[in-house]
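Engineer: One structure, pasted below without further comment.
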Amino acid sequence: MKDVTFGQYYPVDSFVHKCDPRMKILFLVGYLVAVFLSADFYGLGACAVVLVLCVAFSRVPVRSVLRSIKGVLFLIVFTAILNLFFYQGETTVVIAGVSLQWGIINITVEGIRFMIFVMCRIFMLVMASAILTLTTTPVSLTDGLESLLTPLKWIRVPVHALALIMSIALRMIPALMDEIDRIMNAQRARGADFSHGGPVKRVKAIIPVLIPLLLSALRRAEELGDAMEARCYTGSQTRTRYKKLTFTWRDPVIGLLCAALIAGVVLMNIYLPPIL
Amino acid sequence: MRAVSFENVCFSYGNEEGAFSLNNINLSVEEGEFVAVLGQNGSGKSTLARLCNGLLTPRSGKITVLGMDACDAANTFEIRKNVGVVFQNPDNQTVASIVEDDVAFGPENIGLPREEIGRRIDFALSAVGMEAYRNATPARLSGGQKQRIAIAGVLAVMPKVLILDESTAMLDPRGRKEVMDVVLRLNKEKKMTVLFITHFMEEALLADRAFVMHRGEIVMRGAPREIFSRADELETYSLSLPAVGQICRKLRQKGFPVAECLQPEELAKEIERCAFRQNI
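Line by line, the protein sequences are chains A and B.
According to our numbering, the first sequence is numbered sequentially starting from -13.
According to our numbering, the second sequence is numbered sequentially starting from 640.
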């Protein structure tokens, strides 16, 4: 459990680390737009190239980035299976004379293609988000978000409080992961079995983990609240910031890269013939 | 000036009358003093800490902190600036995932300008000897180091009074020593008032004065050595002497004429002295 890196900052010094968090968030949003705009594998290919560039310039080991996929592996497999079985294609796959069609399940060539497409898409979304959280400290991430969301203050959205809630949530992830580990071991010691049995049995086995986890999270929250209050936190507007966000030459560079990616994807959608 | 004073303070969680968590507490801590508060679990030690900085308000009685009335909500912010509290679990006190950001949290809350916050971080980290970890991730530090960061986070607000609410309870002996050294240095060099809540008797030995709490009341008070000389009374409050003191007692019960001592060095000397005399 401890190797789940999502939300865990990877401290090295790199181009991506030094970019302004606001720009990185905008870049991520732009990147997601590009991934969703991609109508075919050309666009996804371009997105993949940009992704590889980002990983290379972040100096985060590829393994650490890949690890973040673990958390959504189930989601990927689940959507893949749904698409594979239920995609409304026309050409049913025939293997050794057997047509792969049973009742409402219909495995088609288009379905397989779409399944691969969707898997690539989710994969890239997760990887891109992981790079953001691996190269940006939760504090600067939330500073960036807060700064980007400032206009919402005019309609009385407590932007600062929301940003703080998010940064604390991110910072608590590793602690809660440790907690899950501890509780699972404790339940195993009492004879709980998490790795055998059908899906229903496994989900049931998780309940005795979730309830203590929830309780401990609430207890932690209360203690943290006390500690924050004791350190003069009042949630007031007079709060100052130690770290100030500043744009550097890097930020226009990645901004342009992002714009180029979106433009490229749109052009590819229009001019390139579909694969398959 | 008095750092903290309690006059007839009563407090209870919940609403039922009679069941007081703190019952008629009177105490005073002078500025620059190092006071230990001892007691078993549930004796009211932590409640005492929370009353000092307005996290809790008493049912009745008067609490004065550095001349300010702690029961008046208007003073709470000013009091919290002057009374820092370090809690038990370092993991539940850190708000940020980088040491320097976490230490900056307090100064940010009191609205200091950036340059000043930078200076405060330097000051606080050097006070706990953690300058080298400015950009580290607290999750990857040892328990003692994490707790020192928590202390730094409190120091950055530059309080006059430092309250440690069982801050060493979750640490290993080495971590306990680290924290203890830092606190002693702050008390001696920076003249910081320290209220040290603990159930480790060895730690109380280093204090100027100690209070023993039992079921919401202060049942013993005085210099630590004086308190530890009343071992039988301590036992009635489910507290025991420091290990060395216990050994001493056992030796005396067996008729070995060592003087009462509480530190290992003293005991070693005593044994040497007695052994020497018996040989001759």
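All residues carry an ideal CB built from backbone N, CA and C; glycine is no exception.
1. Of all the alpha helix (DSSP H) runs that stay within the bounds of the segment 38 to 123 of chain A, which reach a length of 4 or more residues?
2. So if DSSP puts A:Val(-2) in a beta bridge, which residue, or which two residues, is it bridged to?
3. Between the C-alpha atoms of A:Arg8 and A:Leu18, what's the straight-line distance to the nearest angstrom?
4. Under 8 Å, with one C-beta from each stretch per pair, do the segment 837 to 855 of chain B and the segment 671 to 685 of chain B reach the 3-pair mark?
5. Just to confirm my understanding: we take A:Phe71, look at its own chain, exclude 5 residues before and 5 after, and list those with CB closer than 7 Å. What are they?
6. To which residues of the same chain is A:Phe(-8) closer than 6 Å at the C-beta, ignoring the five residues directly before and after it?
7. Which residues bound the alpha helix (DSSP H) around B:Gly782?
8. Interface residues of chain A around B:Arg719 at Cβ under 8 Å?
9. So, for B:Asp811: in the same chain, excluding its five sequence neighbours on each side, which residues have a beta-carbon less than 8 Å away from its beta-carbon?
10. Return the chain-ordered list of same chain residues with a C-beta closer than 8 Å to the C-beta of B:Lys785, the five sequence neighbours on each side being excluded.
11. Can you tell me where the alpha helix (DSSP H) with B:Thr715 in it begins and where it stops?
12. Report yes if the CB atom of A:Asn255 is closer than 8 Å to the CB atom of A:Leu23, and no otherwise.
13. Listed in chain order, which residues of the segment 742 to 753 of chain B have Cβ atoms closer than 8 Å to some Cβ of chain A?
14. Select from the segment 154 to 177 of chain A all residues with a C-beta closer than 8 Å to any C-beta belonging to chain B, and list them in chain order.
15. Let me know the secondary structure DSSP gives B:Phe850 once reduced to three states.
16. Verify the CB distance criterion: does B:Pro896 have a CB-CB separation below 8 Å to chain A?
17. Using the C-alpha atoms, what's the distance from B:His838 back to B:Ile866?
18. Of all the options B:Gly757, B:Leu794 and B:Gly750, which has the alpha carbon lying nearest to the alpha carbon of B:Ala766?
19. Taking buried to mean at least 16 other C-beta atoms within 10 Å of its own C-beta, is B:Arg758 buried or exposed?
20. Would you please state the rounded distance, in angstroms, between the beta carbons of B:Gln679 and B:Leu834? I believe it to be under 8 Å.
21. What does B:Leu694 reach in chain A if we use C-beta pairs closer than 7 Å?
22. Write down every uninterrupted run of the alpha helix (DSSP H) in the segment 793 to 836 of chain B whose length is 4 residues or greater and which is fully enclosed by it, in chain order.
23. What residues from chain A crowd round B:Asp847, counting only those whose CB sits closer than 8 Å?
24. Quick one, which residues of the segment 773 to 800 of chain B are near chain A if we go by CB-CB under 9 Å, in chain order?
25. With DSSP collapsed to three states, give me the class of B:Phe645.
26. Report back the beta-carbon spacing between B:Lys720 and B:Ile749 to the nearest angstrom; my notes put them in contact at under 8 Å.
27. In the segment 105 to 127 of chain A, which residues sit with their C-beta less than 9 Å from some C-beta in chain B, listed in chain order?
28. Using Cβ-Cβ distances below 9 Å, what residues of the segment 720 to 732 of chain B are close to chain A?
29. In or out: A:Val2 buried (at least 16 other Cβ within 10 Å) or exposed?
30. Which same chain residues end up closer than 6 Å to B:Gly683 when comparing Cβ atoms and leaving out the 5 residues on each side of it in sequence?
31. Tell me which residues share the same chain as B:Ile718 and place their Cβ nearer than 7 Å to its Cβ, disregarding the 5 neighbours each side in the sequence.
32. Verify the CB distance criterion: does B:Ala735 have a CB-CB separation below 8 Å to chain A?
33. From the DSSP output, which residues share a beta bridge with B:Asp708?
34. Between the segment 29 to 48 of chain A and the segment 67 to 83 of chain A, are three or more C-beta pairs nearer than 8 Å?
35. Counting only C-beta atoms, is B:Ile756 closer than 8 Å to chain A at any point?
36. Interface residues of chain D around A:Arg236 at Cβ under 9 Å?
Structural biologist: In this structure, then:
1. 48 to 53, 59 to 72 and 95 to 121
2. Numbered from 1 along the first sequence, position 12 holds the residue referred to as residue -2 of chain A. Answer is none; A:Val(-2) lacks a bridge partner.
3. Sequence index remark: in the first sequence, residue 8 of chain A carries index 22 (1-based). Sequence index remark: in the first sequence, residue 18 of chain A carries index 32 (1-based). About 15 Å.
4. yes
5. Start at 1 with the first residue of the first sequence, and residue 71 of chain A comes out as number 85. These residues qualify, in order along the chain: Ile91 and Ile93.
6. Residue mapping note: residue -8 of chain A aligns to position 6 of the first sequence, counting from 1. Reliability fails at A:Phe(-8), whose pLDDT of 46 lies under 50, so the model's placement of it is uncertain and no value is given.
7. As a first step, residue 782 of chain B is located in the second sequence; it is residue number 143 there, counting from the start. Taken as a continuous stretch (DSSP letters only), the alpha helix (DSSP H) holding B:Gly782 covers Gly782 to Leu794.
8. To locate residue 719 of chain B, count along the second sequence from 1; it is residue 80. Simply Glu215, Ala216, Arg217 and Cys218.
9. By 1-based counting over the second sequence, the position of residue 811 of chain B is 172. Counting only Cβ-Cβ distances below 8 Å, and skipping sequence neighbours, we find Gly782 and Gly783.
10. What you label residue 785 of chain B is simply residue 146 of the second sequence in a count that begins at 1. Closer than 8 Å at the Cβ level, and outside the excluded window around B:Lys785, lie Pro729, Asp730, Thr733 and Pro777.
11. Position 76 of the second sequence, counted from the start, is the residue given in the question as residue 715 of chain B. Thr715 to Asn721 is the span of the alpha helix (DSSP H), which, as asked, contains B:Thr715.
12. By 1-based counting over the first sequence, the position of residue 255 of chain A is 269. By 1-based counting over the first sequence, the position of residue 23 of chain A is 37. Taking 8 Å as the Cβ cut-off, A:Asn255 and A:Leu23 qualify as a contacting pair.
13. Ala743, Phe744, Gly745, Pro746, Glu747, Asn748, Ile749, Gly750, Leu751, Pro752 and Arg753
14. Ile154, Leu156, Arg157, Pro160 and Ala161
15. Start at 1 with the first residue of the second sequence, and residue 850 of chain B comes out as number 211. DSSP places B:Phe850 in strand when its eight states are reduced to three.
16. One-based indexing of the second sequence puts residue 896 of chain B at position 257. Not closer than 8 Å to any Cβ of chain A, the Cβ of B:Pro896 fails to qualify, so no.
17. Position 227 of the second sequence holds residue 866 of chain B. Position 199 of the second sequence holds residue 838 of chain B. So the alpha carbons of these two residues sit roughly 14 Å apart.
18. Residue mapping note: residue 766 of chain B aligns to position 127 of the second sequence, counting from 1. For the residues B:Gly757, B:Leu794 and B:Gly750, the minimum Cα distance to B:Ala766 belongs to B:Leu794.
19. In the second sequence, residue 758 of chain B corresponds to position 119, counting from 1. When all chains shown are included, B:Arg758 counts as exposed.
20. Counted from its first residue, the second sequence places residue 679 of chain B at position 40. Counted from its first residue, the second sequence places residue 834 of chain B at position 195. In fact, because the Cβ distance is near 18 Å, the residues do not count as touching under 8 Å.
21. In the second sequence, counting from the first residue as 1, residue 694 of chain B sits at position 55. Within chain A, the residues near B:Leu694 are Asp212, Glu215 and Ala216.
22. 812 to 828
23. Counting from one through the second sequence, the residue named residue 847 of chain B turns up at place 208. Chain A residues near B:Asp847: none, gap ~24 Å exceeds 8 Å.
24. Asn774, Ala775, Thr776, Pro777, Ala778, Ala789, Gly792, Val793, Ala795 and Val796
25. Translated into positions along the second sequence, residue 645 of chain B becomes position 6. B:Phe645: strand per DSSP, three-state reduction.
26. Stepping through the second sequence from its first residue, residue 720 of chain B is reached at position 81. Stepping through the second sequence from its first residue, residue 749 of chain B is reached at position 110. The Cβ separation is near 6 Å, so the contact holds.
27. Thr123, Pro124, Val125 and Ser126
28. Lys720, Val722, Gly723, Val724, Val725, Phe726, Gln727, Asn728, Asp730, Asn731 and Gln732
29. Here residue 2 of chain A corresponds to residue number 16 of the first sequence, with the count starting at 1. That one is buried.
30. Along the second sequence, read from residue 1 onward, the residue named residue 683 of chain B stands at position 44. Hits under 6 Å: Ser660, Leu661, Met852 and Gly855.
31. For this step, residue 718 of chain B is matched to residue 79 along the second sequence. Same-chain partners within the cutoff: Asn692, Gly693, Val704, Met707 and Ala709.
32. As a first step, residue 735 of chain B must be located in the second sequence, where it is residue number 96. So yes, B:Ala735 belongs to the interface.
33. To locate residue 708 of chain B, count along the second sequence from 1; it is residue 69. Looking at the DSSP assignment, B:Asp708 forms a beta bridge with B:Thr703.
34. no
35. Residue 756 of chain B sits at position 117 when you count from the first residue of the second sequence. It does; some Cβ of chain A falls within 8 Å.
36. Structure shown: chain D not included; protein chains present are A and B.
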